[in-house]
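Here's the structure, in structure tokens; my notes come after.
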Amino acid sequence: MKGAFVTELLPPSEDSESTEHTTAERAAAASRSTWVSVVVNLALTSTQIVAGVLTKSQGLVADGVHSLSDLIADFVVLLANHHSQKDADEDHPYGHHRYETAASLALGLLLLGVGLGMLWSAAVKLEQPEAIPQVHMAALWVALGALTAKELLFRYMLAVAKQVKSSMLVANAWHARSDAASSLVVGLGIIGNLAGYPILDPIAAAIVGFMVTRMGWAFGWDALHDLMDRAVDDQEVAAIRRTLAETPGIKGVHDIRTRKMGDMVVVDAHIEVDATLTVEAGHDIAVEARRRVMQRHRVLNLMTHVDPWRRPDGDHEKVSAAAG
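Going by UniProt numbering, the sequence shown opens with residue 1, and the numbers climb by one from there.
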């Protein structure tokens, strides 16, 4: 889900070192924006489906079903938001942040199913073009009203998501933008139907189905990779490396490994210090490095391995030899 969208959360350069937001702040923002979405989607679902049936517009009904999937998705987000803010415990020492990733995966699967259903319904209608009825003018006004509401909802939700840097909220915001695009397509299909081309209404429904299917696949595939411990991008790794290298006492940094934990990141790194330092001094440098990284980046935990500076690090060689 996140893919290209999540990059919008991070400033473009070294200052990807983000302002900290507490778990409570992020949870409150997610709850607030999602409840706004619930109210909007509840109103749109009922209006679009009822109006679509009365005006004989398959495109409008499809858009209403899309809004219904949004309503379900909103409750998925609320559930994930509730669980992800739980503190770490014995069974989950890193916390419950991956509830957000699981929610994104569920969102993707939901969209995928809804989209395929829309495509099937449109295909059935297109097989019998002579049976496609002409829609009523009222359908166009409902579609335009839905387009306006969804675009405003998208802008509001994306602003909140960027403020608290939540990839789950970014996914839900872009979900709202996909709805705005679908309402635009439906509006164009209704205009074509009114102009004497009835087949354009189910064609619009099919296009909406394709858009929803594509979005669902993107969100689900992205979340699946995050659940498999995907690393963060090179830009963010470079920023973490700079923070480590700038820590007093650190002479070099190598073997940085990252993995996503919801919207947070877990990092392992080898830091090099003067070989003549005591164990206690090396430990103090590692503690300071951890403090700096966790303060400046969205890092949940940093595990450091202290190496003597300018001495060969045979750790990985030994592991490779043992594996061989």
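Beta carbons: idealized from backbone N, C-alpha and C, even for Gly.
Between the CA atoms of D307 and W217 - distance to the nearest angstrom: Here residue 217 refers to the residue found at position 217 of the sequence shown. Here residue 307 refers to the residue found at position 307 of the sequence shown. Their Cα atoms are separated by approximately 43 Å.
Alpha-carbon to alpha-carbon, P202 and K125: Start at 1 with the first residue of the sequence shown, and residue 125 comes out as number 125. Start at 1 with the first residue of the sequence shown, and residue 202 comes out as number 202. Straight-line Cα distance between these residues: approximately 7 Å.
Closest Cα partner of G282 within the set V208, D74 and I271: Numbered from its first residue, the sequence shown carries residue 282 at position 282. The candidate whose alpha carbon is nearest that of G282 is I271.
Does G196 pass the burial test, meaning 16 or more other C-beta atoms within 10 Å, or should it be called exposed? For the purposes of this step, residue 196 is taken as the residue at position 196 of the sequence shown. That one is exposed.
Can you tell me which residues form a DSSP beta bridge with P308? Along the sequence shown, read from residue 1 onward, the residue named residue 308 stands at position 308. In the DSSP output, where bridge partners are listed per residue, P308 has V273.
8 Å contact criterion, which L60 and T45 should meet: CB distance rounded: As a working note, residue 60 is residue 60 in the sequence shown. As a working note, residue 45 is residue 45 in the sequence shown. The Cβ separation is near 12 Å, so there is no contact.
Taking only the alpha-carbon atoms, compute the straight-line gap between V114 and S104 and give it to the nearest angstrom. Walking along the sequence shown from the start, residue 114 turns up at place 114. Walking along the sequence shown from the start, residue 104 turns up at place 104. Taking the straight line joining both Cα atoms gives about 15 Å.
With H, G and I counted as helix, E and B as strand and the rest as coil, what does DSSP make of V319? Your numbering for residue 319 matches position 319 in the sequence shown. Its pLDDT being 47, under 50, V319 is placed unreliably in this model, and the value from its coordinates should be taken loosely. Here V319 sits in helix by DSSP.
How should T278 be labelled, buried or exposed, when 16 other C-beta atoms within 10 angstroms of its C-beta is the threshold for buried? The count along the sequence shown starts at 1 and reaches residue 278 at position 278. Exposed, because fewer than 16 other Cβ atoms sit within 10 Å of the Cβ of T278.
Take every Cβ of the segment 136-156, pair it with every Cβ of the segment 221-235, and state whether three or more of those distances are shorter than 8 Å. no
Span of the alpha helix (DSSP H) holding S162? Within the sequence shown, numbered from 1, the residue matching residue 162 stands at position 162. Here the sequence assigns Lys to residue 162, which means Ser is not the residue at that position. It spans A138 to V164 - the alpha helix (DSSP H) in which K162 sits, taken as one unbroken run.
For T258, the residue or residues it bridges with in DSSP: Counting from 1 along the sequence shown, the entry for residue 258 is found at position 258. According to DSSP, which records beta bridges pairwise, T258 is partnered with V267.
Rounded to the nearest angstrom, what separates L152 and V38 at their Cα positions? Residue 152 sits at position 152 when you count from the first residue of the sequence shown. Residue 38 sits at position 38 when you count from the first residue of the sequence shown. Using only the alpha carbons, I get a separation of about 14 Å.
M228 in three-state terms, based on DSSP: Residue 228 sits at position 228 when you count from the first residue of the sequence shown. The answer is coil: DSSP assigns M228 none of H, G, I, E or B.
Quick check on this structure: which residue in H66, R242, N193 and W35 has the alpha carbon closest to the alpha carbon of P129? Start at 1 with the first residue of the sequence shown, and residue 129 comes out as number 129. Cα-wise, what sits closest to P129 is N193.
Quick one, are the C-beta atoms of A171 and G189 less than 7 Å apart? Within the sequence shown, residue 171 is the residue found at index 171, counting from 1. Within the sequence shown, residue 189 is the residue found at index 189, counting from 1. For A171 and G189, no; Cβs fall outside 7 Å.
Using C-beta distances below 7 Å, list every residue in its chain close to I72, excluding the 5 sequence neighbours before and after it, in chain order. As a first step, residue 72 must be located in the sequence shown, where it is residue number 72. Cβ within range, chain order: L110.
Opening and closing residue of the alpha helix (DSSP H) in which D233 lies: The residue you call residue 233 lines up with position 233 of the sequence shown. Note, D233: premise wrong, no alpha helix (DSSP H); not H, not E.
Nearest-angstrom Cα separation, counted from L78 out to A245: Here residue 245 corresponds to residue number 245 of the sequence shown, with the count starting at 1. Here residue 78 corresponds to residue number 78 of the sequence shown, with the count starting at 1. Between A245 and L78, the C-alpha separation is close to 39 Å.
8 Å contact criterion, which A29 and V212 should meet: CB distance rounded: Locating residue 29 in the sequence shown gives position 29, counting from the first residue. Locating residue 212 in the sequence shown gives position 212, counting from the first residue. About 26 Å; that fails the 8 Å criterion.
Who are the Cβ neighbours of N41 in its own chain at under 6 Å, not counting the five residues just before and after it? Counting from 1 along the sequence shown, the entry for residue 41 is found at position 41. For N41, where only same-chain residues beyond five positions count, the Cβ hits under 6 Å are S67, D70 and L71.
6 Å Cβ shell around A62 - same chain, five flanking residues per side excluded: Here residue 62 refers to the residue found at position 62 when the sequence shown is read from its first residue. The residues are M118, A205 and V208.
Roughly how many whole angstroms lie between the Cα atoms of R257 and F154? What you label residue 257 is simply residue 257 of the sequence shown in a count that begins at 1. What you label residue 154 is simply residue 154 of the sequence shown in a count that begins at 1. Using only the alpha carbons, I get a separation of about 34 Å.
Opposite G252 in the DSSP bridges: which residues? As a first step, residue 252 is located in the sequence shown; it is residue number 252 there, counting from the start. E272, per the DSSP bridge assignment.
Identify the continuous alpha helix (DSSP H) that holds G282 and give its terminal residues. Sequence index remark: in the sequence shown, residue 282 carries index 282 (1-based). Taken as a continuous stretch (DSSP letters only), the alpha helix (DSSP H) holding G282 covers V279 to R296.
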